[in-house]
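Undergrad:
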Amino acid sequence: MIRTVSGSGSLAKIKLEGTLTPANGKAARITVPDGKYQSATQVLDGDIALGTPQNYTKFTVTPKGLEVWYITATGALKKR
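Numbering-wise, this note's numbering puts 94 at position 29 of the sequence shown, and it's gapless, one number per residue.
1) Could you check which residue in K129, D110, L131 has the C-alpha nearest to that of R137?
2) Is it buried or exposed for V133, if we count other Cβ within 10 angstroms and need 16 for buried?
3) When you compare each of G130, L85, T125 to V108 by their alpha carbons, which one comes out closest?
4) Give every residue of the same chain whose Cβ lies closer than 7 Å to the Cβ of G140, excluding the five residues on either side of it in the sequence, and list them in chain order.
5) Contact defined as beta carbons within less than 8 Å: I believe G90 pairs with K123. What is the distance between those atoms, to the nearest angstrom?
6) Quick check: what's the CA-CA separation for V97 versus T127?
7) The beta strand (DSSP E) with I79 in it runs from where to where?
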């Protein structure tokens with residue numbers, strides 16, 4: 066299950082509960098505001114590393130221009 070939760074005035078996070086089993090292998094594409102493409106930006110919470118493959122690998126991140134980003138095992142963004 067996926068739930069959207071908000072932090073205290075910060076960017077919303079996706080809270081994962083249980084193992085995700087999307088039909089095509091990808092649960093969603095995450096897009097953040099241009100100013101939030103940072104390694105400290107947490108986009109996933111909850112059961113991030115559950116499943117095989119792990120839940121965090123089932124999300125893609127919208128590129129920022131030519132920069133390609135992905136989600137780490139901690140649920141944060143990272144630039145390739």
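For every residue, glycine included, the Cβ atom is placed at its ideal position computed from N, Cα and C.
If you're wondering where the values come from, they're calculated on a predicted model, not measured in any experiment.
TA: In brief:
1) As a working note, residue 137 is residue 72 in the sequence shown. For the record, residue 137 in the displayed sequence is Thr; it is not Arg. Measuring from the Cα of T137, the nearest candidate turns out to be D110.
2) As a working mapping, residue 133 is identified with position 68 in the sequence shown. Exposed is the call here.
3) As a working note, residue 108 is residue 43 in the sequence shown. Out of G130, L85, T125, T125 has the C-alpha closest to the C-alpha of V108.
4) Along the sequence shown, read from residue 1 onward, the residue named residue 140 stands at position 75. Q107, V108, L109, D110, I113, Y121.
5) For this step, residue 90 is matched to residue 25 along the sequence shown. For this step, residue 123 is matched to residue 58 along the sequence shown. Their Cβ separation, rounded to whole angstroms, is 7 Å, which keeps G90 and K123 in contact under 8 Å.
6) For the purposes of this step, residue 97 is identified with residue 32 of the sequence shown, where counting begins at 1. For the purposes of this step, residue 127 is identified with residue 62 of the sequence shown, where counting begins at 1. Computed Cα separation, rounded: 8 Å.
7) Position 14 of the sequence shown holds residue 79. I79 -> beta strand (DSSP E) spans 78 to 81.
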